[in-house]
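Colleague: Those letters in the sequence shown? Residues -18 to -1, 1 to 418, by mature numbering (1 follows the signal peptide of the UniProt record, and there is no 0).
The beta-carbon is built from N, C-alpha and C at its ideal position, and this holds for glycine as well.
Source: prediction; values computed, not measured.
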Amino acid sequence: MKTPFPLLLVLFTVINTAAQVPPKGPIPFDQKWVIDDIAYIPLNVDKAGCNIWGSIAINPEGLVMLGVANHVDNVAMYTWNTKKNELRFEGDLMEMLHMTMKHWQSKIHTYIHWSPKHKKFFFGTDAGTYRSETILEHPFGYIGGYWCWFDPASHAMGTFGLNGMHRSVKGCVYSEKSGLLMGNTDPQEHFITCDVSTGELNDYGRINTLHQPRVLFADKWGNGYTVDIFGELIKFDWKKKELIDLRVPMPRADKTEFYKAASGFKSIQMMPDGSVYGITQYAIAFHYIPVESGPGTMEDLGPTWGPDSGKWHETYSPNIAVIGDKMYYGMGGHGHYIDTVQKDVFLVEKDLKTKKVRVISRLKKIGEFTGSGIIDAQGNVYFGGHGQSISAEDAESKEAKAVKAKPKNDSKAYLVRFNPKKLAEKYAKQYEKFNQ
């Protein structure tokens, strides 16, 4: 019996289409990606909820690494070579780690950290959906998040092991001094560590029963920092292997809602001098100077936008880039906008000396973006951006379909690149009305 030619063509088309994956690359830079001096480098993932949650880093060689979560069953891994202006698709996390659906991971919520000693990127994985994190109804259940590494030289990925049963790694920081990855879990908010040299994993117990702080930081002595339920700094002394309540409240933690204080900070940039700049969950910028023994010094840098009054405007800024005496960040996302009609994301410049704030640009294509301290040798800043997010649970809902139908909110992920100084010089005057 002869098989009709059209049927063979159909079968070939179906098989070929099913086997399609993003090209490995390198994919050269395309000038068409640039809109108003901001590059939106597309990251092609074929699921509804293509999001980047702080999962972006840069190493001294100028290689940017980022993970794009689909919130369903995988994370696409990319690298961007800032010297060659080239994008490379490294692969899907599940495949690179040789995992089955029994071990599924659909998000990297932690920061990604580079280790000069080990020449690897380190991070932790996350369930990516609320119902799965609380173990209510996911068909496969969630075994828990992994501590992971990625070697850009060999393009290989591996794990240090499971952080704990049924819990995501929500946030983490790495210290080259102590050799520890230090993080927190979701749910239950336990403080956990991973020794990247020995693979030893430890759990130091529950420290925040209200909400999971999304970001941690480390000092130059190798200690880690997070916040407790009151919004006060907790220090992990790695030599003593104990948690210390520093009795240092985050700025204005007592003047905001309880759960926001417990959420701590949304973005952190650790500086070469050992200090840190950051933005709290409730939109107050700060500068903290740790000391080897004692509470250190906390400086309130004021609101991220608007008048510094008793009730300030709470923006959403899970991103930061400090260059010289200026702090740059984006505002928008998660229902927090300064333009409640357009609901766009804005780039903002804060003068660290005067604490004055001004809008310098309005972004296209994306509804929010993340990333902290991702700056290349030319002074360009990189953020991971995405359109309005759609969770796995809601992917087929009426609301999700309405979001996907809007050209502005295409729910695609982008690596966003811009030079803040150039944007300020060229576009800031257009947005003076927002600075009144």
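For K29, which residues of its own chain have a beta-carbon under 6 Å away from its beta-carbon, when the five flanking residues on both sides are left out?
Modeller: Low confidence applies to K29: its pLDDT is 46, below 50, so where it sits in the model is not reliable, and the reading given next is rough at best. Same-chain partners within the cutoff: N52, V54.
Colleague: Is S97 helix, strand or coil by DSSP?
Modeller: Of the three classes helix, strand and coil, the one that applies to S97 here is strand, per DSSP.
Colleague: Helix, strand or coil for D236 per DSSP?
Modeller: Three-state result, D236: helix.
Colleague: Among the candidates E182, K217, M139, D210, whose CA atom is the shortest distance from the CA of E171?
Modeller: For the residues E182, K217, M139, D210, the minimum Cα distance to E171 belongs to D210.
Colleague: Excluding five sequence neighbours on each side, which residues of the same chain lie with their C-beta closer than 6 Å to the C-beta of Q251?
Modeller: Same-chain partners within the cutoff: Y259, I302, V304, S354, G355.
Colleague: Measuring straight from C-alpha to C-alpha, what distance separates Y413 and E331?
Modeller: Rounded to whole angstroms, Y413 to E331 spans 12 Å at the Cα level.
Colleague: May I have the straight-line CA-CA distance separating L225 from Q194, to the nearest angstrom?
Modeller: Rounded to the nearest angstrom, the two C-alpha atoms are 17 Å apart.
Colleague: How about M280 and L215: do their beta carbons lie closer than 9 Å?
Modeller: A contact, by the Cβ cut-off of 9 Å.
Colleague: Looking only at its own chain, which residues have a Cβ that is under 7 Å from the Cβ of S379, when we skip the five neighbours before and after it?
Modeller: Its pLDDT being 48, under 50, S379 is placed unreliably by the model, and the measurement read from it follows with that caveat. None.
Colleague: In this structure, does DSSP put E68 in helix, strand or coil?
Modeller: Three-state DSSP puts E68 in a strand.
Colleague: Using the beta-carbon count (16 or more within 10 Å), is V273 buried or exposed?
Modeller: Per the 10 Å Cβ criterion, exposed.
Colleague: My output table needs one value for E407: the three-state DSSP class, helix, strand or coil.
Modeller: In this structure, E407 counts as helix in the three-state DSSP scheme.
Colleague: Return helix, strand or coil for P300, following the three-state DSSP convention.
Modeller: Three-state DSSP puts P300 in coil, outside helix and strand.
Colleague: How many Å lie between K217 and E43 at the Cα?
Modeller: Using only the alpha carbons, I get a separation of about 31 Å.
Colleague: Looking at the unbroken beta strand (DSSP E) that takes in L75, where does it start and where does it end?
Modeller: Not the beta strand (DSSP E): L75 falls in the alpha helix (DSSP H), residues 75 to 78.
Colleague: So P233 and D282 are supposed to be a Cβ contact under 8 Å. How far apart are they, rounded?
Modeller: Sure, about 4 Å apart at Cβ, within 8 Å.
Colleague: Considering V209, what are the terminal residues of the beta strand (DSSP E) in which it resides?
Modeller: Residues 206 to 209.
Colleague: Just list the residues that DSSP pairs Y396 with in beta bridges.
Modeller: DSSP output for Y396 lists P24, G367 as bridge partner(s).
Colleague: Among G206, S245, A135, which residue has its Cα nearest to the Cα of L228?
Modeller: Nearest of G206, S245, A135 to L228, Cα basis: G206.
Colleague: Label K411 either buried or exposed according to how many other C-beta atoms from any shown protein chain fall within 10 Å of its C-beta, with 16 as the threshold for buried.
Modeller: The residue is exposed, with fewer than 16 neighbouring Cβ atoms inside 10 Å.
Colleague: Measure the Cβ-Cβ separation of F199 and A235 and say whether it is below 9 Å.
Modeller: The answer is no: Cβ separation not under 9 Å.
Colleague: For M76, collect the residues of the same chain with a Cβ closer than 6 Å to its Cβ; drop the 5 residues on either side in sequence, then sort them by chain order.
Modeller: Answer for M76: N56, listed in chain order.
Colleague: Please identify the residue among K347, G367, H368 whose C-alpha is closest to the C-alpha of I17.
Modeller: Checked all of K347, G367, H368; the closest Cα to I17 is K347.
Colleague: Given S157, which residues of its chain have a CB within under 6 Å of its CB, disregarding the five upstream and five downstream residues?
Modeller: Around S157: A200, G204.
Colleague: What did DSSP end up calling K308 once you bin it into helix, strand or coil?
Modeller: If DSSP states are grouped into helix, strand and coil, K308 belongs with the strands.
Colleague: According to DSSP, is N417 helix, strand or coil?
Modeller: Helix.
Colleague: In the DSSP assignment, what are the bridge partners of E224?
Modeller: D219, per the DSSP bridge assignment.
Colleague: Would you kindly report the start and end of the unbroken beta strand (DSSP E) that includes residue 422?
Modeller: Missing from the structure shown is residue 422; the chain here goes from -18 to 418 and no further.
Colleague: Should H316 be labelled buried (16 or more other beta-carbon atoms within 10 Å of its own) or exposed?
Modeller: So H316 ends up on the exposed side.
Colleague: Quick check: what's the CA-CA separation for V178 versus V230?
Modeller: Each residue's alpha carbon lies about 30 Å from the other.
Colleague: Output the distance between the C-alpha atoms of F247 and D255, rounded to the nearest integer angstrom.
Modeller: Going by the C-alpha atoms only, they are around 20 Å apart.
Colleague: Determine, for G315, whether the minimum Cβ-Cβ distance to residues of chain C falls below 9 Å.
Modeller: The chain inventory of the structure shown lacks chain C, comprising one protein chain alone.
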